[in-house]
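Note that my numbering has the sequence shown beginning at 59, numbered continuously upward. What follows is a short report on a single structure.
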Amino acid sequence: MGNTPGPGDERPDNPSDAPVPGAAGSETPVPGAAGSETTVPGAAGPETLAPRSVPADSGATPLDTGEDWESQAARIEFDDDFDEDGELHDIAGDDETHRVTTWISQRASAATGRFRQTAHELRQTLAGEASAKAAVDSLRLREPSDIEPGEPPRDLTAAAFFDVDNTLVQGASIVHFARGLAARKYFTYGDIMDFAWTQAKFRITGKENARDVAEGREKALSFIAGRPTSELVELGEEIFDDYIADKIWPGTRALAQRHLDAGQQVWLVTATPVELAQTIADRLGLTGALGTVAESVDGVFTGRLVGDILHGPGKAHAVRALAIREGLNLKRCTAYSDSHNDVPMLSLVGKAVAINPDTDLRDVAKVRGWEMYDFRTARKAAKYGAGTAIVLGAAGGGAAAAARLLRHR
Numbered sequence: 059m060g061n062t063p064g065p066g067d068e069r070p071d072n073p074s075d076a077p078v079p080g081a082a083g084s085e086t087p088v089p090g091a092a093g094s095e096t097t098v099p100g101a102a103g104p105e106t107l108a109p110r111s112v113p114a115d116s117g118a119t120p121l122d123t124g125e126d127w128e129s130q131a132a133r134i135e136f137d138d139d140f141d142e143d144g145e146l147h148d149i150a151g152d153d154e155t156h157r158v159t160t161w162i163s164q165r166a167s168a169a170t171g172r173f174r175q176t177a178h179e180l181r182q183t184l185a186g187e188a189s190a191k192a193a194v195d196s197l198r199l200r201e202p203s204d205i206e207p208g209e210p211p212r213d214l215t216a217a218a219f220f221d222v223d224n225t226l227v228q229g230a231s232i233v234h235f236a237r238g239l240a241a242r243k244y245f246t247y248g249d250i251m252d253f254a255w256t257q258a259k260f261r262i263t264g265k266e267n268a269r270d271v272a273e274g275r276e277k278a279l280s281f282i283a284g285r286p287t288s289e290l291v292e293l294g295e296e297i298f299d300d301y302i303a304d305k306i307w308p309g310t311r312a313l314a315q316r317h318l319d320a321g322q323q324v325w326l327v328t329a330t331p332v333e334l335a336q337t338i339a340d341r342l343g344l345t346g347a348l349g350t351v352a353e354s355v356d357g358v359f360t361g362r363l364v365g366d367i368l369h370g371p372g373k374a375h376a377v378r379a380l381a382i383r384e385g386l387n388l389k390r391c392t393a394y395s396d397s398h399n400d401v402p403m404l405s406l407v408g409k410a411v412a413i414n415p416d417t418d419l420r421d422v423a424k425v426r427g428w429e430m431y432d433f434r435t436a437r438k439a440a441k442y443g444a445g446t447a448i449v450l451g452a453a454g455g456g457a458a459a460a461a462r463l464l465r466h467r
């Protein structure tokens, strides 16, 4: 490659020759790696507080109790469970310690000794824990016990985390999924216009509205309530082939492949239902997916979520929980996203990369010196004035998506 671009400069559209962040032998420095003075924002430290359930000797996290989140919120409190060296005390025994540490969900100032999570924060924590557990369970069911001869050595402590919507997939995967459901008469195309409109608003403004997120959650839950989990898996496989396969950004796919070729795990992190997210990961040959987990009993969806939609801080909780379970060193990990909402996740790892960034994320990336790629146009977006092009392109894309939906009615 040529000279390394300066902080905030955007990278070429073709990433194939770029070194894999954190890979063994890579010349690319990893922020926060051993010997580096760079710290990782959001990393666990002596000031981080971990929650403890009551009774403390039960060995169960709130996710294991079967209680609704309101009851959990009423009895979960946070204690300083770190010793003077910043190490987490062995609260629940060797087999459960890693489960307890996944509850490290907030950072407190030195003056704050005890605090309670808000209901929203608790839902996000539960969502992250549930997503990590589902991802690891799925991986264990699929993962071969031995590495096939000829495969690259496995880098066991580094991984890459990719957001899905507008980072890996053009547009919103849930909108594509809704189109597939409408084509199969699960509901009408008119029912998914709200999904398309919400997506168009997000692409124009670069911001997600809490009300839109809540409404989307309720609509999705009303659809799956009472349906078998196997049905959603089967639908996801069919709809991926029909509506999503040709929407994968080639540039992002190439970035993911570089991590795979280096022997690293590659995970999707998305608000999309974990069943659909796992299908996308499987089809692309990735390690697995962290997604929104809907509650099920005896293989049937109850119409409730475990926690909340995996969104914003919830993604950071999920990545941290997965890293603990898989023994990953977050300082050697990389995260990719298009949205400012994912700054908590991007700040958690040693290397953050903005893909097709919204206006706010572009600004953050420039300030923090994060790499940027823009695959939305044939040429690299101009360093200045790119925000206008993004807004116009997003508006056009949203209108085109709506027009395509109407043509199918």
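All C-beta atoms in this analysis are idealised placements derived from N, C-alpha and C, irrespective of residue type, glycine included.
The beta-carbon separation of L419 and S405, rounded to 12 Å, does not stay under the 8 Å limit for a contact. Contact annotation: V377 and L363 have beta-carbon atoms that are not nearer than 8 Å. Around the C-beta of L199, fewer than 16 other C-beta atoms lie within 10 Å, and the residue is accordingly described as exposed.
Under DSSP, K191 shares a beta bridge with no residue.
Between L313 and S280, the alpha-carbon positions lie close to 36 Å from each other.
Bounds of the alpha helix (DSSP H) holding S288 are T287 to I297. Around the Cβ of Y244, a 10 Å sphere holds fewer than 16 other Cβ atoms; the residue is exposed. In the displayed model, Q322 falls within coil according to three-state DSSP, outside both helix and strand. L239: member of the alpha helix (DSSP H) spanning S231 to A241, first to last residue. Annotated three-state conformation of V351 is coil, per DSSP. In the same chain as R341, and ignoring 5 residues on each side of it, the C-beta atoms closer than 6 Å to its own belong to F298, in chain order. When DSSP states are grouped into helix, strand and coil, G427 belongs to the coil group. For W307, the closest alpha carbon among the candidates A240, V358, G357 and Q228 is that of Q228. Of G284, T337 and A410, the smallest CA-CA separation from L293 is found for T337.
With a contact defined as Cβ atoms closer than 8 Å, W325 and F219 qualify at about 5 Å. Sequence-distant partners of E333 (beyond 5 residues in either direction) whose C-beta falls short of 8 Å from its own C-beta, in its chain, are T287, L290, V291, G294 and G349.
Under the three-state reduction of DSSP output, T337 falls in the helix class. The C-alpha of L368 is placed about 21 Å away from the C-alpha of R285. One thing to note: M403 has its Cβ no nearer than 8 Å to the Cβ of A412. The Cβ atoms of G385 and L214 lie closer than 8 Å to each other.
Taking R242 as reference, the option from Y301, G427, C391 and A192 with the minimal CA-CA separation is Y301. At the C-beta level, Q323 and A217 come within 8 Å of one another.
Counting only residues of its own chain and dropping the five nearest sequence neighbours on each side, A190 has a CB closer than 7 Å to the CB of T160, L348, A376, A379, L380 and R383. Taking the Cα positions, G357 is about 42 Å away from W428.
The C-beta distance from D221 to A230 rounds to 11 Å, too long to meet the 8 Å contact threshold. The beta-carbon distance between G372 and N399, rounded to whole angstroms, is 10 Å. This is too long to meet the 8 Å contact definition. With a threshold of 16 other beta carbon atoms within 10 Å, A329 meets it and is buried.
Secondary structure note for G361: its beta strand (DSSP E) is the uninterrupted segment V358 to L363. With at least 16 other beta carbons inside 10 angstroms of its own, D432 counts as buried. Residues L121, V351, V364 and G365 of the same chain have their beta carbon placed closer than 7 Å to that of A188, with the five preceding and five following residues left out of the count. In this structure, E353 is the residue among E353, N387 and N414 with its C-alpha nearest to the C-alpha of A185.
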